[in-house]
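A short worksheet on the structure shown next.
Protein chains: 2
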Amino acid sequence: MGPGYTAGVSYDESEMNLAGDLLAGDVRALARAISLAEDRDPQATALVAELQAHTGRAHLVGVTGSPGGGKSTLVDALVRVIRERGRTVGVIAVDPSSPFTGGAVLGDRVRMSRHTLDKGVFIRSMGARGHLGGLAAATREAIHLLDASGRDVIVVETVGVGQSELEISSLCDTVVLVLMPESGDAVQSIKAGILEIADVYVVNKADLSGAEKARRLIQDAVAMAPKKPWQPPILLASAVKEEGIGPVWEAIESHRAFLRQSGGLEERRRERLKQEVIALVAESARDDARRAVEGDTPVGRLLRDNRNGRLNPYSLAADVRAMRPARGAEN
Amino acid sequence: MGPGYTAGVSYDESEMNLAGDLLAGDVRALARAISLAEDRDPQATALVAELQAHTGRAHLVGVTGSPGGGKSTLVDALVRVIRERGRTVGVIAVDPSSPFTGGAVLGDRVRMSRHTLDKGVFIRSMGARGHLGGLAAATREAIHLLDASGRDVIVVETVGVGQSELEISSLCDTVVLVLMPESGDAVQSIKAGILEIADVYVVNKADLSGAEKARRLIQDAVAMAPKKPWQPPILLASAVKEEGIGPVWEAIESHRAFLRQSGGLEERRRERLKQEVIALVAESARDDARRAVEGDTPVGRLLRDNRNGRLNPYSLAADVRAMRPARGAEN
Chain X
2 MGPGYTAGVS YDESEMNLAG DLLAGDVRAL ARAISLAEDR DPQATALVAE LQAHTGRAHL
62 VGVTGSPGGG KSTLVDALVR VIRERGRTVG VIAVDPSSPF TGGAVLGDRV RMSRHTLDKG
122 VFIRSMGARG HLGGLAAATR EAIHLLDASG RDVIVVETVG VGQSELEISS LCDTVVLVLM
182 PESGDAVQSI KAGILEIADV YVVNKADLSG AEKARRLIQD AVAMAPKKPW QPPILLASAV
242 KEEGIGPVWE AIESHRAFLR QSGGLEERRR ERLKQEVIAL VAESARDDAR RAVEGDTPVG
302 RLLRDNRNGR LNPYSLAADV RAMRPARGAE N
Chain Y
2 MGPGYTAGVS YDESEMNLAG DLLAGDVRAL ARAISLAEDR DPQATALVAE LQAHTGRAHL
62 VGVTGSPGGG KSTLVDALVR VIRERGRTVG VIAVDPSSPF TGGAVLGDRV RMSRHTLDKG
122 VFIRSMGARG HLGGLAAATR EAIHLLDASG RDVIVVETVG VGQSELEISS LCDTVVLVLM
182 PESGDAVQSI KAGILEIADV YVVNKADLSG AEKARRLIQD AVAMAPKKPW QPPILLASAV
242 KEEGIGPVWE AIESHRAFLR QSGGLEERRR ERLKQEVIAL VAESARDDAR RAVEGDTPVG
302 RLLRDNRNGR LNPYSLAADV RAMRPARGAE N
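Sequence lines, in order, name chains X and Y. Just so we're aligned, residue 2 is where the first sequence starts under this note's numbering, counting upward by one. Just so we're aligned, residue 2 is where the second sequence starts under this note's numbering, counting upward by one.
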């Protein structure tokens with residue numbers, strides 16, 4: 002599995018230490034590699050491909066829910082519990098609305114300062130950083146990089162669902178859905194079909210009135226769904242007060258144990274692998290197509306020079322697809 | 002441009018009338034075609050490809066902004082103004098969080114009932130409908146279908162930005178950003194770089210305190226940005242009270258007139274065509290890859306039969322890509 006096998010892209014000699022340093026758990030190498038991924042640098046992709054043999058060990062935990070539900074605070078409290086259990090953790094907070102590196106800059110700083118002296122915690126916000134469409138790929142690569150660097154637990158925090166490319170359920174082993182105590186949030190989640198993807202429910206801000214009602218709503222909805230081997234627990238917690246966080250972590254661990262015993266972990270990972278292969282092929286086709294339409298090609302010239310004739314995107318796309326075989330020479 | 006030229010897919014004989022009826026402005030044919038698009042039925046794609054020569058006439062207006070900002074109400078009020086000006090309109094409300102056809106079902110019903118007797122108004126909510134990743138393609142196709150059916154104005158309403166595949170600025174001629182009167186929303190939009198994509202700003206709920214402050218914040222941010230030939234107006238409106246909606250529509254029309262005069266319309270459409278070609282190629286590669294990994298292929302068998310060996314998604318993706326040339330036979 003030498004460098005260069007990912008369609009002609011290999012990482013630079015100068016980055017060779019990056020792989021070794023990252024595998025050795027070096028935090029700066031990890032941060033550098035994730036920055037390359039966020040910049041959609043082909044070297045990151047080559048690095049991730051190279052490191053595949055060292056991945057697959059981490060427990061991937063997705064935390065999702067509506068904005069304002071307290072996801073970040075819950076993740077922060079979870080990180081503390083995970084560390085108390087003696088395990089290392091990496092957090093990726095995905096914020097597609099931010100084109101900046103910082104993402105939720107302020108939130109991050111607060112969290113960073115709290116865990117700043119702890120090398121067992123690595124927190125990173127990922128924004129779109131101007132590379133629209135690349136966030137899903139960057140997030141996947143960041144997960145692999147954290148995994149290869151030896152983090153025991155990787156927490157991926159995302160806003161809501163509906164971001165097709167970032168479907169948390171196709172990225173993680175265990176999905177935690179954080180709900181607000183208002184029953185409106187529960188009803189909305191039921192309607193949107195989010196309940197189906199959750200392995201653990203957390204009604205956050207449980208000190209507010211309405212939490213128990215929200216819990217019952219979810220319980221009823223779960224009871225009405227077809228019975229599954231794993232019965233997702235519905236927990237009350239207050240992330241701000243750090244109450245009920247231990248049980249949340251134990252539920253996450255129970256789910257992982259269940260997945261291992263039932264063969265579900267293998268199944269999820271197989272499905273994830275399949276989705277990743279599909280995504281990688283689509284992304285590479287997108288890059289090829291971009292080069293074709295922006296380059297000195299018949300389609301590219303047609304797109305640039307055409308002044309008034311109507312061009313049909315469907316036939317142009319067929320033309321670009323027909324160009325593809327020639328690219329095989331690259332491999 | 003006969004049927005069948007889009008990579009072997011042609012629409013059914015029984016759907017032949019659909020094209021004719023849709024071109025004649027038949028509302029049921031339009032609704033049927035958009036349903037096919039939403040279902041990601043290959044016949045919809047073939048139909049859209051076939052109808053390309055009849056598109057390009059409509060004014061495409063994107064309306065975006067944070068949830069809760071009153072986008073739907075504003076669109077509803079705009080529709081009334083557009084109709085008063087004697088023009089026909091199609092509305093596509095994109096709600097990626099909804100896996101149901103209905104999208105914001107209740108909101109739709111309210112709006113439908115108001116415009117229900119008016120054949121000059123066509124409103125459609127698009128949800129993910131279980132086809133993750135297909136929403137962007139379905140939305141693009143729906144826009145083409147409305148365009149071909151002769152709608153003068155097509156309004157595309159989307160939640161916020163950051164949905165790479167659904168970037169409103171790459172779908173529309175004119176982008177309207179709806180802001181809440183709270184300055185927090187303005188600041189957030191400035192931070193997220195949304196201001197740059199807007200051609201018209203609307204501070205909604207202008208009867209609430211804070212609207213004027215929000216307007217000034219945006220004005221300052223716009224003043225600090227590099228000067229552009231088009232100075233985006235910042236308007237106050239109250240969609241609920243239907244106050245200030247006329248000026249919003251006039252600003253949208255002014256922007257269109259500006260684009261026509263400056264050559265910007267051609268430029269935007271060229272860029273849109275380019276992005277669409279890229280998206281079409283990527284989507285078709287995604288479909289091919291899905292068939293490859295799920296079918297009776299070496300990669301498909303490997304993914305299904307492998308029990309414990311670690312498989313590398315990057316080398317599997319390279320294998321799938323290498324399979325592609327064989328597909329050329331289909332064309």
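A virtual CB, placed ideally from N, CA and C, is assigned to each residue, including glycine. From a predicted model like this one, the values you see are computed outputs, not experimental measurements.
>> Once the 5 residues before and after residue 266 of chain X are set aside, which same chain residues still bring their CB inside 6 Å of it?
In response: Looking up residue 266 of chain X in the first sequence gives position 265. Excluding five sequence positions before and after residue 266 of chain X, the CB atoms of its chain that fall closer than 6 Å to its own CB belong to 260, given in chain order.
>> I'd like to know if the stretch 295–302 of chain Y and the stretch 243–257 of chain X are in contact, where contact means that at least 3 CB-CB pairs between them fall below 8 Å.
In response: no
> Cα separation between residue 232 of chain X and residue 205 of chain X?
Replying inline: Taking the first residue of the first sequence as 1, we reach residue 232 of chain X at position 231. Taking the first residue of the first sequence as 1, we reach residue 205 of chain X at position 204. Answer to the nearest angstrom: the Cα atoms are 19 Å apart.
> Given a limit of 9 Å on CB to CB distance, which residues of the stretch 227–249 of chain X reach chain Y?
Replying inline: none
> Under the three-state reduction of DSSP, which class applies to residue 87 of chain X: helix, strand or coil?
Replying inline: As a working note, residue 87 of chain X is residue 86 in the first sequence. DSSP places residue 87 of chain X in coil when its eight states are reduced to three.
> Can you find a CB in chain Y that lies within less than 8 Å of the CB of residue 314 of chain X?
Replying inline: Within the first sequence, the letter at position 313 stands for residue 314 of chain X. True, the Cβ-Cβ gap to chain Y drops below 8 Å.
> Is residue 140 of chain Y helix, strand or coil when you go by DSSP?
Replying inline: Numbered from its first residue, the second sequence carries residue 140 of chain Y at position 139. Reduced to three states, the DSSP call for residue 140 of chain Y is helix.
> Under 8 Å Cβ-Cβ, which residues of chain X neighbour residue 217 of chain Y?
Replying inline: For this step, residue 217 of chain Y is matched to residue 216 along the second sequence. Here the premise fails: no neighbours, minimum Cβ distance about 23 Å.
>> Any beta carbon from chain X within less than 8 Å of residue 278 of chain Y's own beta carbon?
In response: Within the second sequence, numbered from 1, the residue matching residue 278 of chain Y stands at position 277. Chain X contact via Cβ: present.
> Under 8 Å Cβ-Cβ, which residues of chain Y neighbour residue 304 of chain X?
Replying inline: What you label residue 304 of chain X is simply residue 303 of the first sequence in a count that begins at 1. The contacting residues are 271, 274, 275 and 278.
> Near residue 207 of chain X, which residues of its chain fall below 7 Å by C-beta distance, leaving aside the five closest residues on each side in sequence?
Replying inline: The residue labelled residue 207 of chain X in the question sits at position 206 within the first sequence. Same-chain partners within the cutoff: 182, 237, 238, 239 and 245.
> Helix, strand or coil: which one does DSSP assign to residue 298 of chain Y?
Replying inline: Taking the second sequence and counting its residues from 1, the one referred to as residue 298 of chain Y is at position 297. The answer is coil: DSSP assigns residue 298 of chain Y none of H, G, I, E or B.
>> Please classify residue 221 of chain X as buried or exposed, where buried requires at least 16 other C-beta atoms within 10 Å of its C-beta.
In response: Your numbering for residue 221 of chain X matches position 220 in the first sequence. Here residue 221 of chain X is exposed. Its C-beta has fewer than 16 other C-beta atoms within 10 Å.
>> Using the three-state DSSP reduction, which class does residue 183 of chain X fall into: helix, strand or coil?
In response: Counting from one through the first sequence, the residue named residue 183 of chain X turns up at place 182. In this structure, residue 183 of chain X counts as coil in the three-state DSSP scheme.
> Exposed or buried, what is residue 69 of chain Y when buried is set at 16 or more other beta-carbons lying within 10 Å of its beta-carbon?
Replying inline: Within the second sequence, numbered from 1, the residue matching residue 69 of chain Y stands at position 68. Residue 69 of chain Y comes out exposed.
>> Any beta carbon of chain X sitting closer than 8 Å to that of residue 281 of chain Y?
In response: Along the second sequence, read from residue 1 onward, the residue named residue 281 of chain Y stands at position 280. Residue 281 of chain Y counts as touching chain X.
>> If contacts are defined as beta-carbon pairs under 8 Å, then residue 186 of chain Y and residue 269 of chain Y qualify, I think. What distance do you get, rounded to the angstrom?
In response: As a working note, residue 186 of chain Y is residue 185 in the second sequence. As a working note, residue 269 of chain Y is residue 268 in the second sequence. Contact flag wrong, Cβ pair sits at about 26 Å.
> Which same chain residues, not among the five before or five after residue 317 of chain X, have their C-beta less than 6 Å away from its C-beta?
Replying inline: Mapped onto the first sequence, residue 317 of chain X falls at position 316. The answer, listed in chain order, is 300.
> Between the stretch 56–73 of chain X and chain Y, which residues of the former have a C-beta closer than 9 Å to a C-beta of the latter?
Replying inline: 56, 57 and 68
>> Using beta carbons (cut-off 8 Å, strictly below), is residue 322 of chain X in contact with chain Y?
In response: Within the first sequence, the letter at position 321 stands for residue 322 of chain X. Closer than 8 Å: yes.
> Hey, residue 53 of chain Y and residue 315 of chain X are a contact pair by Cβ (cut 8 Å); roughly how many whole angstroms apart?
Replying inline: As a first step, residue 53 of chain Y is located in the second sequence; it is residue number 52 there, counting from the start. As a first step, residue 315 of chain X is located in the first sequence; it is residue number 314 there, counting from the start. Right, the Cβ-Cβ distance comes to about 7 Å (below 8 Å), so this counts as a contact.
>> I'd like the span of the beta strand (DSSP E) that includes residue 160 of chain Y, first residue to last.
In response: Counting from 1 along the second sequence, the entry for residue 160 of chain Y is found at position 159. Where residue 160 of chain Y is concerned, there is no enclosing beta strand (DSSP E), given that its DSSP letter is neither H nor E.
> Do residue 304 of chain Y and residue 271 of chain X have their C-beta atoms closer together than 8 Å?
Replying inline: Here residue 304 of chain Y refers to the residue found at position 303 when the second sequence is read from its first residue. Here residue 271 of chain X refers to the residue found at position 270 when the first sequence is read from its first residue. Closer than 8 Å, so yes.
>> For a contact defined as C-beta to C-beta under 7 Å, what are the partners of residue 44 of chain X on chain Y?
In response: The count along the first sequence starts at 1 and reaches residue 44 of chain X at position 43. Neighbours of residue 44 of chain X on chain Y: none; closest Cβ ~13 Å, over 7 Å.
> Excluding the five sequence neighbours on either side, which residues of its own chain have a C-beta within less than 6 Å of the C-beta of residue 25 of chain X, listed in chain order?
Replying inline: Taking the first sequence and counting its residues from 1, one reaches residue 25 of chain X at position 24. Apart from the 5 residues on each side of it in sequence, residue 25 of chain X has no Cβ closer than 6 Å to any other Cβ in its chain.
> Which residues in the same chain have their Cβ closer than 7 Å to the Cβ of residue 253 of chain Y, if we skip the five residues on either side of it in sequence?
Replying inline: If you number the second sequence from 1, residue 253 of chain Y lands on position 252. Result list for residue 253 of chain Y: 62, 175, 177 and 201, in chain order.
> So what does DSSP say about residue 94 of chain X, is it helix, strand or coil?
Replying inline: Reading the first sequence from its first residue, position 93 is the one you call residue 94 of chain X. Reduced to three states, the DSSP call for residue 94 of chain X is strand.
> So, residue 55 of chain X versus residue 80 of chain X, is the Cβ gap smaller than 8 Å?
Replying inline: Here the question's residue 55 of chain X lines up with position 54 in the first sequence. Here the question's residue 80 of chain X lines up with position 79 in the first sequence. No.
> Given that residue 262 of chain Y touches chain X, what residues does it touch there, using C-beta distances under 8 Å?
Replying inline: The residue given as residue 262 of chain Y occupies position 261 in the second sequence. Simply none; closest approach about 16 Å.
> Would residue 92 of chain Y pass as a contact of residue 121 of chain Y if the rule is Cβ separation under 8 Å?
Replying inline: The residue labelled residue 92 of chain Y in the question sits at position 91 within the second sequence. The residue labelled residue 121 of chain Y in the question sits at position 120 within the second sequence. Taking 8 Å as the Cβ cut-off, residue 92 of chain Y and residue 121 of chain Y do not qualify as a contacting pair.
> What's the call for residue 213 of chain Y, buried or exposed, on a 16-neighbour Cβ count within 10 Å?
Replying inline: For this step, residue 213 of chain Y is matched to residue 212 along the second sequence. Looking at its Cβ environment, which holds fewer than 16 other Cβ atoms inside 10 Å, residue 213 of chain Y is exposed.
> For residue 213 of chain X, which of helix, strand or coil comes out of DSSP?
Replying inline: Counting from one through the first sequence, the residue named residue 213 of chain X turns up at place 212. Looking at residue 213 of chain X - three-state DSSP - the assignment turns out to be helix.
>> Extract the residue ranges of the beta strand (DSSP E) inside the stretch 231–318 of chain X, only unbroken runs of 3 or more that lie entirely within it.
In response: Listed in chain order, they are 235–237.
> Once you ignore the five residues that flank residue 263 of chain X on each side, which residues in its own chain have a CB closer than 7 Å to its CB?
Replying inline: As a working mapping, residue 263 of chain X is identified with position 262 in the first sequence. Answer for residue 263 of chain X: 230, listed in chain order.
> For chain X, is any of its Cβ atoms less than 8 Å away from the one on residue 188 of chain Y?
Replying inline: Taking the first residue of the second sequence as 1, we reach residue 188 of chain Y at position 187. For residue 188 of chain Y, the answer is no, since every Cβ of chain X falls outside 8 Å of its Cβ.
> Closest to residue 219 of chain Y by CA distance: which of Y/234, Y/210 and Y/228 is it?
Replying inline: On the second sequence, residue 219 of chain Y is found 218 positions in, with the first residue counted as 1. Closest option to residue 219 of chain Y, Cα to Cα, is Y/234.
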